[in-house]
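Asker: Submitted below is the structure of interest, expressed as structure tokens.
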Amino acid sequence: MATNVSGCLVKILLFLLGAVLGTGLTAVAGVVMFVPDRTTVISVDPTSTAPGVYVKKVERLVGGTYYEIWLGPSADRGHVVTVPNGWEHDPERETTSTGMRLKFDNGGEIFVPKASYS
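Just so we're aligned, residue 6 is where the sequence shown starts under the working numbering, counting upward by one.
Shown next, in the form of structure tokens:
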């Protein structure tokens, strides 16, 4: 009686290879779908009295497109303010001693305290 041991071993190895490849492809697809792509569309360098203002367009495969305003010393570091849907992405900026006020055309305002971005 001969048994087919090598065929069984090959099937087990192929199953394990398929499981590893399937897990890897699922992880790559998750990263592509859920990690956003940020593009800086407006950049105002910091001064002695005001932080840098960087408006970034955020595009996601799942979740659509929206804008963020980053307040801080550089384009990759700072306090992030998400702009509500339907609002413009280039508000008027008013710096005060206590913080920065972002004024939008639709009458909306967002106030960010100085402690948040300094």
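All C-beta atoms, glycine included, are put in the ideal place defined by N, C-alpha and C.
Quick caveat: nothing in here was measured; it's all calculated off a predicted structure.
(1) Can you tell me the Cβ-Cβ gap for V67 and F39, rounded? I've got them flagged as a contact below 8 Å.
(2) Give the DSSP-derived three-state secondary structure of L107 in the structure shown.
(3) Tell me, to the nearest whole angstrom, how far the beta carbon of V46 is from that of V63; I am working on the premise that it is less than 8 Å.
(4) Between V33, D50, R98, S121, which lies nearest to E114 when the distance is taken from Cα to Cα?
(5) Using the Cβ count rule (16 or more neighbours within 10 Å means buried), how would you classify L14?
(6) Starting from F116, follow its DSSP beta bridges and name the residues at the other end.
(7) If you reduce the DSSP assignment to three classes, tell me which class T31 lands in.
(8) Got a sec? Which residues, its chain only, sit under 7 Å from Y122 by beta carbon, not counting five neighbours each side?
(9) Compare the beta carbon distance of E73 and V88 with 8 Å and say whether it is the shorter of the two.
(10) Quick one: grab the DSSP three-state call for V40.
(11) Could you name the residues that DSSP lists as bridge partners for K16?
(12) What do you get for L19, buried or exposed, if any count of 16 or more other CB atoms within 10 angstroms of its CB means buried?
Answerer: The relevant details are as follows:
(1) Residue mapping note: residue 67 aligns to position 62 of the sequence shown, counting from 1. Residue mapping note: residue 39 aligns to position 34 of the sequence shown, counting from 1. V67 to F39, Cβ: 6 Å. Contact.
(2) Residue 107 sits at position 102 when you count from the first residue of the sequence shown. Strand at L107.
(3) Here residue 46 corresponds to residue number 41 of the sequence shown, with the count starting at 1. Here residue 63 corresponds to residue number 58 of the sequence shown, with the count starting at 1. The Cβ separation is near 10 Å, so there is no contact.
(4) Position 109 of the sequence shown holds residue 114. Closest option to E114, Cα to Cα, is R98.
(5) Your numbering for residue 14 matches position 9 in the sequence shown. Its Cβ having fewer than 16 others within 10 Å, L14 is exposed.
(6) To locate residue 116, count along the sequence shown from 1; it is residue 111. In the DSSP output, where bridge partners are listed per residue, F116 has R106.
(7) Counting from one through the sequence shown, the residue named residue 31 turns up at place 26. Secondary structure of T31 (DSSP, three-state): helix.
(8) Residue 122 sits at position 117 when you count from the first residue of the sequence shown. Same-chain partners within the cutoff: P56, L76, G77, G83, H84.
(9) What you label residue 73 is simply residue 68 of the sequence shown in a count that begins at 1. What you label residue 88 is simply residue 83 of the sequence shown in a count that begins at 1. Contact flag set, yes.
(10) The residue you call residue 40 lines up with position 35 of the sequence shown. Coil.
(11) In the sequence shown, the residue the question calls residue 16 occupies position 11. Paired residue(s): none; K16 is not in a bridge.
(12) As a working mapping, residue 19 is identified with position 14 in the sequence shown. That one is exposed.
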